[in-house]
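Worksheet for the structure shown next.
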Amino acid sequence: METELDMMTGYPRSRAAAREAGQPYFFTGRPCKHGHRSLQSTARGECQECNRLRAAKTYYASLYSPEMNPNTFSDD
Ligand SMILES: [Zn+2]
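If you're matching positions, the sequence shown starts at 0 in numbering that gives the first Met the number 0 and goes up one per residue.
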């Protein structure tokens, strides 16, 4: 019988299962729309790699921004 948890990661295999288990992340084993195979946030549905890349992009953009405005650092 197949378990609800992914064999490799130990995380739930679907967002619904993750919600039920109270897990902040899940792992479907399928690539996201950008081709990453990584954990996905239960709350946002975003893959961790996408999240990391987006955060890095924001960070580096801020480094080279002529106006280093801390107000541009918002959660979204
Ligand atoms: Zn991704």
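Quick reminder that beta carbons are idealized off the backbone N, C-alpha and C, glycines included. Quick caveat: nothing in here was measured; it's all calculated off a predicted structure.
### Query
Under the criterion of a Cβ to heavy atom distance below 7 angstroms, does GLU48 qualify as lining ligand 2?
Ligands displayed in this structure: ligand 1; ligand 2 is not among them.
### Query
DSSP state of CYS46, grouped into three classes?
CYS46 falls in the strand class under three-state DSSP.
### Message
Run through the DSSP bridge pairs and tell me what LEU4 is partnered with.
### Response
In the DSSP output, where bridge partners are listed per residue, LEU4 has PRO11.
### Nearest residue (CA-CA) to THR8, options GLU45, ALA42 and GLN22
When each option's Cα is compared against that of THR8, the closest is GLN22.
### Task
For ALA16, collect the residues of the same chain with a Cβ closer than 7 angstroms to its Cβ; drop the 5 residues on either side in sequence, then sort them by chain order.
Result list for ALA16: GLU3 and PHE25, in chain order.
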